[in-house]
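Data block below; observations after.
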Amino acid sequence: MEIKIIEQHANPLLKRTEYRFEIDHATAATPTRDAVRSELAKALKAPKERVVIEQMHAKFGLARSNGEAMVYDSTEAAKATARTHILVRNGLAEKASKTPAGAPPAAEPAPAEPAALKTAAPKEA
C-alpha cells in the first residue's frame, strides 16, 4: 500500500491540518480505515490517536482510493471538533446507546387475544 499526499492545508482555527490523499493498493483489497490511519500516521510522523479519516472512496475498476484525513493538534481537539459518527468510525469514541445507561429494559406488552377466539357467555332466556 502506497500513500501519496495530494494536498495539505493548515487550519489553525480548528487546530488541525487537513490532507487529501491517494492510496495505491494494487497487491491487496481496499485497506481498512485502521490500516490507512496507521500508514498516514507513519508517513506524517503523527500519533495515530490524532489522525482522523473523514472519508475514503475506492475507484471502481482500479486499485486506487482517494480520501480526506485530518491530523489534530491533540486528541481533545479531535473530540471537540470532529463529528461523533466520524470518531466512532475511527475508533476514537464509543457508539452511543439509544437507551439510558441506568434505565431498565422495557417490558414487552402481552399479546392481545384475537376477537375470534374469545368465548361469549351463553345467554339465558
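Under the numbering used here, think of the first position of the sequence shown as 22, with each following residue one higher. By construction, the Cβ of each residue, glycine as well, lies at the ideal position given by its N, Cα and C atoms.
Reduced DSSP category for E39 - H, G, I as helix; E, B as strand; rest coil: It is a strand residue.
Secondary structure of H106, DSSP reduced to three states: If DSSP states are grouped into helix, strand and coil, H106 belongs with the helices.
Where F81 falls, given that 16 or more other Cβ within 10 Å makes a residue buried: The residue is exposed, with fewer than 16 neighbouring Cβ atoms inside 10 Å.
Any alpha helix (DSSP H) of 4 or more consecutive residues that is wholly inside the segment 54 to 117: Correct list: 54 to 65, 96 to 102, 105 to 110.
Best match in H106, L108, A90 for proximity to A64 [C-alpha to C-alpha]: Of the residues H106, L108, A90, the one whose Cα lies closest to the Cα of A64 is A90.
Cutoff 7 Å; reference I26; Cβ partners in own chain excluding five residues on either side: Hits under 7 Å: Y40, F42.
Burial state of A47, where buried means 16 or more other Cβ atoms lie within 10 Å: Around the beta carbon of A47, fewer than 16 other beta carbons sit within 10 angstroms, so the residue counts as exposed.
Among V72, T38, M77, the one whose alpha carbon lies nearest that of T53: Nearest to T53 by alpha-carbon distance, out of V72, T38, M77, is M77.
Selection from N87, E28, L35, A50 that minimises the alpha carbon distance to A101: Comparing alpha carbon positions, the residue from N87, E28, L35, A50 closest to A101 is L35.
Proximity to A62 [Cα-Cα], best of A79, D94, K144, E115: Ranking A79, D94, K144, E115 by Cα distance to A62 puts D94 first.
Assigned exposure category for L113 - 16 Cβ within 10 Å defines buried: Only buried fits L113, as 16 or more other CB atoms lie within 10 angstroms of its CB.
Of the residues M22, P33, A99, S59, the one placed nearest T51, counting alpha carbons only: That would be M22, whose Cα lies nearest to the Cα of T51.
Residue closest to T105, alpha-carbon to alpha-carbon, out of R58, V92, E75: Ranking R58, V92, E75 by Cα distance to T105 puts E75 first.
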